[in-house]
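Going letter by letter, the sequence shown gives residues 7 to 827 in the numbering used here. We treat Cβ as the ideally placed atom computed from N, Cα and C, and that holds for glycine. A quick note: this is a predicted structure, and the numbers were derived from the prediction, not measured. Written below as C-alpha cells is the structure these notes are about.
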Amino acid sequence: MKKSKKLLALLLCMTMILSLAACGKKGKDPDDTKSTVAPTDTAGGEKSEVKPDVPEGRRDASTKRTAANENSPFVIGELTFDGKFSPFFGTSEPDRKVYENTQVKLITSNELAEPVAGIDQPSAAWDFEMTTSDDQSKSTYKFWLKNGITFSDGHVVTADDVLFNLYVFLDPMYDGSSTLYSMNIEGLKAYQTQIADESSADAKITEFADAAGKKVEAALAGNGEAAVVDKLWELVQNSVAGDSSTLIANGYVPGDFGLEGPEDFLETAQPSVILFYTASTLGKELIAYKNGAYVIDESTGLTVDKMSTYTEEDYINASMKCIKEAISPVEFDEAFGYTTVDEAKSFYAEEEKAAYLEANKGTVKSISGITKGKEVCSDGVERETVTVVLNGVDPKAIWNFTFNVAPMHYYAGQERHDKANGVDYFGVDFSSRDFMMEIKEFNGLPMGAGPYKVTDVNNSENPTADKFYENGICYFVANDNFMLGAPNVKYVRIKTINSGSELDSVLTGEVHISQPQASSTVINQITSDSSYSHLNYVLVDNLGYGYIGINSQLIPDINVRRALLSAMDTELTLGSYPGGLATVIHRPMSQVSWAYPEGSTAMYPFDETGAASKDFFLKAGYTETANGKLLAPDGSKPSFKFTLPSDADKHPAGQVFLKTQEVLEKIGVEVIIDIDQNLLSKTEENVLFVWAAAWQATIDPDMFQTWHSDPAKNQAGSPKATGLYYKFEKGTEEEKAILVRLNELIEQGRSTLNVDERKPIYSEALDKAMEMAVELPTYQRKNMYVYNKSVVDPGSITPAEKTTPYMGPIDFIWDVSLLDK
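Next comes the structure, spelled out in C-alpha cells:
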C-alpha cells in the first residue's frame with residue numbers, strides 16, 4: 007500500500023475518532039454497582055432477557071462442521087516460545103500469537119490501522135468515542151460494552167472485567183510490558199502514590215529518593231546500617247558474577263586483558279578468567295601465567311595445586327575477596343563501569359516507597375479518571391460503559407485501549423471477583439507483589455473470550471500448563487460461544503519449528519501455514535515447481551524493521567559507537583531479500599508509518615576504506631601507530647564483540663558484520679562475531695555490546711517506550727538494552743543534551759493529534775536518536791505467509807486486499823476452514 011494511502015487512512019481515522027458519537031445517551035443509571043446480563047424487569051414486572059450483542063446469523067455450536075473441520079487440526083508453524091502465554095506478562099511475538107487466540111480486545115483495529123469496535127468486530131466494546139475539551143486540557147474516552155458476550159468458560163464479560171485489567175496494568179507493582187501507565191490519566195498519580203493531593207506526589211517521590219540516598223551514603227561512609235553495606239556488596243557480587251558469565255560464554259582468555267595465558271586456556275582453566283579480568287582491572291597480579299606455570303597470589307585464598315578443582319563460583323568468591331580488600335563499592339563502579347551504588351539507592355527508594363504505600367494503603371481507593379456506568383443507547387438498549395479521562399491530549403492513547411480483556415474471576419480468583427464493585431475495589435490487591443505473582447501463575451494457561459480455549463493432546467477440558475504446551479506444541483479447541491460465531495475448525499495447534507525450516511515444514515505437511523523469509527527463490531518454487539503446487543503464498547509489508555543495536559553503557563564513548571556504525575554497509579542486508587523484497591532504511595522507524603521522514607539518508611555513510619571510522623576513533627582518544635593501526639586509549643588493541651542469533655550466512659545482518667570486521671581490521675580494530683541463540687533474552691542484561699535483531703513496530707509512531715531515557719518516566723526495557731537510562735544520568739554533556747532534547751520531542755509528539763504538527767517533531771526526534779549512535783536501522787522487508795492450499799480452503803483466508811501490515815491472512819482464525827479430502 008502506498009504511503010499516501012496510509013496517511014489518508016490515518017487522517018480519516020483521526021477524524022472518525024474526534025467526530026464519532028455512536029451511542030446517543032438517553033439516560034444514565036445513577037446506581038454504579040456491578041451489573042450483569044441477567045433478565046431485567048419490564049414495566050409490567052416480567053423478566054426480559056438482554057439480547058446479546060452478536061451478529062445476525064451467527065454460526066452457533068449446533069452448526070454441523072465438515073468432517074475435516076470437526077476432526078482434523080489446523081496446525082500453525084511458529085518459532086520458539088518463551089512460555090509466557092499471558093495477556094498481562096507475555097513479551098515475545100510467538101507467545102502473543104498463542105495467548106491472543108484465547109482473547110478479545112476492548113477495541114481492535116482494521117486493515118487500514120483504524121480503531122474499530124462493533125457487533126461484527128472481535129472487540130468487547132460495542133462502540134466508542136473520544137472527545138477533547140475546548141482548551142484541550144482533557145481528553146475523554148468512552149466505551150460502550152457489548153451485552154451478553156462471555157468468556158470461554160461461560161462467565162459474562164462486564165465492565166468490572168475491563169476495570170480489573172486497567173487496574174492491573176496501572177498498579178505500582180505491575181512489571182509487565184504494557185505501558186498504560188504512561189498515559190496521563192486523571193487521578194493516576196494520586197492512586198499510585200496514595201497521596202490525594204497530586205501536586206504533593208512528586209515531592210514525596212523525591213523524599214523517598216533523598217532518604218535512600220542518605221542511607222546508602224551513610225553506609226559508604228562507615229556509619230550506616232550493616233544491612234545496607236551487605237546490600238552494596240551483594241550488588242557488586244552480582245555484577246562480578248555477571249561479568250564471569252559473559253567472559254566464559256564469549257570465550258575470553260587472559261590475552262584479551264593483555265595478560266599471558268596458555269594456548270589451551272579454554273579447555274583447562276576457563277573458570278579462572280574472572281580472576282584474570284579482576285586482576286587486570288585492579289592493576290594487581292592476583293593470578294598470572296609465567297614460564298609455563300600459573301602463579302596465584304595468596305590474597306585470593308586460592309592455591310595453584312587446586313586450580314583444576316575450583317569452580318566458577320570459587321573464582322568469583324576469590325575475586326570478591328580481593329575487590330573488597332582493595333576498593334569500595336564507589337571505586338568498583340568507577341573501575342568496572344557499573345552503577346551498583348545507584349542501584350542500591352534505587353532499591354532503598356523503592357523500599358521507602360513500598361513502606362509508605364503499605365502504611366497509607368486505602369488513602370486513595372480508585373483512579374478518579376476511570377469510571378463505569380450504564381447508558382441507554384440510541385437503539386434503546388442499555389449497556390455498561392467504561393470512561394477514561396486523560397489530562398491533556400495523547401494521540402497514542404487510543405491504541406492503549408486495544409488491550410485484551412482478560413477475566414477477573416480467572417486471574418484474580420472468584421473471591422476477589424465477588425468483592426469487586428467498580429467503585430473502591432477492582433479485583434486487584436493494591437501494590438502487592440504476592441498478587442502479581444498469583445497472576446503470573448497463569449502464564450502457562452491463558453483464558454479469555456477469544457475464539458479458542460486451551461486444551462491438550464487428549465482434548466481435555468481442564469489441561470495442566472505442561473500438557474497445554476507439550477513437546478513444542480500448544481493445543482486449542484474451539485470456543486463455540488465466541489461472540490462472532492463458533493469457529494469453523496474445532497482444533498488448532500501452534501507448533502514450534504526451527505528458524506529456516508518454515509517452508510519445508512509446510513511443504514512436508516508438518517504444519518499448514520508458516521512465515522518463511524520472503525525470497526524470490528521461494529516465490530519461483532511455489533509458482534514454477536510442480537512439487538510445490540499444493541502451496542500458495544501471500545506477501546505483505548512488514549510493520550517492523552531490522553536494526554543493529556549498541557549498548558552505550560558497555561561502549562560508552564559516542565565517537566566509538568559512531569566509528570562502528572560508519573563501518574557498517576546496511577545495503578548488504580538486501581542480499582537476504584533479493585528481487586525487491588526489502589529496502590534499506592535510515593531512521594529507526596518502520597517505513598510504513600506516516601511519520602517516517604521521506605528522503606532520509608544515512609547519518610553515518612558506509613566508508614569501505616575505514617577512514618571515517620578512524621576519524622571517529624581518534625576523536626575518542628585512540629592513537630595511531632606508524633603503520634596506520636589504532637590503539638585504544640589504554641594502549642591495547644581495540645576489540646569488540648558482535649553477536650548474532652544465528653550463523654552469519656543465515657542472518658540478514660551477517661554479511662554486514664563480516665564486512666565491518668573486514669573494514670575495521672584495516673585500521674587495527676578487531677571484531678569478534680559471536681553466535682547466541684538466546685540473544686533476545688539477553689539484550690537487557692547488560693552483556694551484549696553490539697547485536698542484530700528486529701523491532702515489531704506499533705501502529706502509532708510514538709517513540710516513548712523505545713527511546714524515552716528518563717527512568718523516572720519510562721519503565722520499559724528497550725532504553726536499558728541500549729544504555730539510554732544510564733546515559734541520561736551518567737553520559738557526557740553532549741549525550742545528556744541529545745537525550746534531553748529527544749525526550750522533549752517525544753513528549754511534544756504525544757501532545758497533539760494533528761498529523762502535520764507531529765511529522766516534523768518525529769523527523770527531528772529520529773535524527774536525535776541517530777546522533778546517540780545506539781541503533782542503526784538496516785532494512786524494511788516484506789513478510790511472506792505460505793499455506794497448504796490442499797488442506798486450507800483459500801477462500802477462508804483473509805482476502806489479499808485486506809491483508810496489510812495491520813491484518814494477517816489468518817487474523818480471522820475463526821473463519822478459517824479446512825478442505826475435506
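By the neighbour-count criterion, in which 16 or more other beta carbons inside 10 Å mark a residue as buried, THR212 falls on the exposed side. Cβ contact annotation for LEU580 (same chain, cutoff 8 angstroms, sequence separation greater than five): ALA588, THR589, VAL590 and TYR785, in chain order. Taking LEU186 as the centre and dropping the five residues before and after it, the same chain places the C-beta of LEU172, PHE175, LEU176, ASN406 and PHE409 closer than 8 angstroms to its C-beta, in chain order.
Residues of the same chain with a CB within less than 8 angstroms of the CB of ARG499, apart from the 5 flanking positions on each side, are PRO79, PHE80, VAL81, ILE82, ILE479, CYS480, TYR481 and PHE482 in chain order. Here VAL347 carries a helix assignment [DSSP, helix/strand/coil]. In this structure GLY729 is in contact with ASN557, their Cβ atoms being roughly 5 angstroms apart against a cut-off of 8 angstroms.
Ranked by Cα distance from VAL104, the options GLY368, GLY454 and GLN127 are led by GLY454. Non-local beta-carbon contacts of LEU578 in its own chain, meaning distances under 7 angstroms to residues more than five positions away in sequence, involve GLN661, VAL662 and LYS665 in chain order. Two segments are said to touch when three or more pairs of C-beta atoms, one from each, lie closer than 8 angstroms; by this definition the stretch 366-382 does not touch the stretch 235-244. Taking a contact to require three or more Cβ pairs closer than 8 angstroms, the stretch 182-200 and the stretch 421-429 do not qualify as touching. Within its own chain, the residues whose Cβ lies closer than 8 angstroms to the Cβ of LEU288, once the five positions on either side in sequence are excluded, are CYS328, ILE329, ALA332, ILE333 and ALA341, listed in chain order. Secondary structure in the stretch 538-601: the beta strand (DSSP E) runs of 3 residues or longer, each lying completely within the stretch, are 541-547, 551-556 and 588-590 in chain order. With fewer than 16 neighbouring CB atoms inside 10 Å of its own CB, ARG439 falls in the exposed class.
Counting other Cβ atoms within 10 Å of its Cβ, ALA617 stays below 16 and is therefore classed as exposed. In the same chain as THR284, and ignoring 5 residues on each side of it, the C-beta atoms closer than 7 angstroms to its own belong to LEU292, SER325, CYS328 and ILE329, in chain order.
Of VAL395, ASP799, THR629 and LYS656, the smallest CA-CA separation from TYR147 is found for VAL395. In the displayed model, THR666 falls within a helix according to three-state DSSP.
When the Cα atoms are used, ALA632 and PHE648 turn out to be separated by approximately 28 angstroms. Put simply, the backbone Cα of GLU223 is about 18 angstroms away from that of LYS736. In this structure TYR812 is in contact with SER115, their Cβ atoms being roughly 6 angstroms apart against a cut-off of 8 angstroms. Of the other Cβ atoms in all chains shown, fewer than 16 fall within 10 Å of the Cβ of LYS296; this residue is therefore exposed. In the DSSP assignment, TRP132 falls outside any alpha helix (DSSP H) and lies within the beta strand (DSSP E) extending over 131-138.
The three-state reading of DSSP puts GLU467 in coil, since its state is none of H, G, I, E or B.
Under the Cβ criterion (8 angstroms, minimum of three pairs), the stretch 607-624 counts as touching the stretch 671-691.
Separation of SER507 and PRO522 (C-alpha to C-alpha, rounded to the nearest whole angstrom) is 8 angstroms.
For ASN794, the enclosing beta strand (DSSP E) has its first and last residue at 785-794. Contact between VAL798 and ILE519 holds, with the beta-carbon distance rounding to 7 angstroms and staying under 8 angstroms. Counting other Cβ atoms within 10 Å of its Cβ, LYS380 reaches 16 or more and is therefore classed as buried. The beta carbon of ALA73 sits closer than 7 angstroms to those of ASP826, all from its chain and outside the five residues before and after it, given in chain order. With a threshold of 16 other beta carbon atoms within 10 Å, GLU781 meets it and is buried. In the DSSP assignment, THR146 forms a beta bridge with THR137 and VAL395. Spanning the alpha carbons of PHE734 and ASP435 requires a straight line of approximately 34 angstroms. The three-state reading of DSSP puts GLY419 in coil, since its state is none of H, G, I, E or B. Straight-line measurement puts the Cα of VAL60 at about 27 angstroms from the Cα of PHE91. A check of alpha carbon separations from GLU99 across TRP701, LEU745, LEU748 and GLY386 identifies TRP701 as the nearest. The C-alpha of ALA360 is placed about 21 angstroms away from the C-alpha of ALA225.
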